[in-house]
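> Residue numbers (the UniProt record's numbering): 1 to 233. Quick one: the structure is below, questions incoming.
The following block contains the structure:
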């Protein structure tokens, strides 16, 4: 473990112990470095790393603070990391989505409010209006799934799903470009998910979401080759 890693661990320990709770302002750099027995240079590098990880935030002219430490904040960088994955990891992402998304749909069916359901319906209507525009269709497709995940009330689950969906959205765009009938099937599958949510039927919502994600996964397994990764650049 490098000295910088040790410095990062020391600051993390302060946060985990509650000495530096969410929203707390860190002591001045020199003071904190002295308290932890670290050089100012190491302290500075550790703070930079934790800012990138969204554990800390620097407020110019004010100081360094612990973030809210909420899942949507800490997991925000997941999507960017996912975009760098290549090759067969696309299939791993769709497998992860197949495990998580049906569970999210089932949970949402038991918790979704009337307002949230109306939001899902709005995204479905937007998908219908954009059925001839593949990229716009997929934009609303992503918003539909994010709305369902948000309706679970589980920030961690919603953040994880949002993080792993960016790359699969690109794959669906590519799929739509070469498969002329994809829009109709996509709309029908999303309608099934919405109907299950509206009925408050968790098992049906889970099944509908599983069919939807599995369709994409099965298509990718048939077409993905190591030499050609799908997705427009």
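Ideal Cβ placement from N, Cα and C applies to all residues, glycine included.
Per DSSP, which residues does residue 156 bridge with? Please list them.
Bridge partners of residue 156: none, in fact.
> Given a cut-off of 8 Å on the beta-carbon distance, is the pair residue 116 and residue 147 in contact?
Yes. Within cutoff.
> Closest to residue 96 by CA distance: which of 192, 7, 165 and 185 is it?
Cα-wise, what sits closest to residue 96 is 165.
> Candidates 145, 92 and 142: which alpha carbon is nearest residue 217's?
Minimum Cα distance to residue 217 is reached at 92.
> What does the Cβ neighbour count give for residue 23, buried or exposed, with the cut at 16 atoms within 10 Å?
Label assigned to residue 23: exposed.
> For residue 4, which three-state DSSP category applies?
The answer is helix: DSSP assigns residue 4 an H, G or I state.
> Starting from residue 250, follow its DSSP beta bridges and name the residues at the other end.
Past the boundaries of the shown model lies residue 250; the chain is included only from 1 to 233, so the question cannot be answered.
> Between which two residues does the beta strand (DSSP E) containing residue 259 stretch?
A question about residue 259 goes unanswered here, because the residues of the chain that appear run from 1 up to 233.
> Taking residue 59 as part of the beta strand (DSSP E), name the residues at either end of that continuous run.
56-59 is the span of the beta strand (DSSP E), which, as asked, contains residue 59.
> Residues in the same chain with beta-carbon distance under 8 Å from residue 183, minus the five sequence neighbours each way, listed in chain order, please.
For residue 183, where only same-chain residues beyond five positions count, the Cβ hits under 8 Å are 131, 132, 134, 137 and 176.
> Going by beta-carbon coordinates alone, are residue 7 and residue 57 separated by less than 8 Å?
No. Outside cutoff.
> In or out: residue 211 buried (at least 16 other Cβ within 10 Å) or exposed?
The residue is exposed, with fewer than 16 neighbouring Cβ atoms inside 10 Å.
> What is the DSSP secondary structure of residue 17, counted as helix, strand or coil?
Three-state result, residue 17: helix.
> In terms of residues, what are the limits of the alpha helix (DSSP H) holding residue 121?
Taken as a continuous stretch (DSSP letters only), the alpha helix (DSSP H) holding residue 121 covers 114-129.
> Give the range of the alpha helix (DSSP H) segment to which residue 74 is assigned.
Segment 71-74, the alpha helix (DSSP H) holding residue 74.
> With a CB to CB cut of under 8 Å and the five nearest residues on each side skipped, what residues in its chain are close to residue 143?
123 and 126.
> Please return the same chain residues whose Cβ sits closer than 7 Å to the Cβ of residue 228, not counting the five positions on each side in sequence.
Unreliable positioning characterises residue 228 in this predicted model, as indicated by a pLDDT of 43, which lies under 50. The coordinate reading is nonetheless provided below. Contacts found: none.
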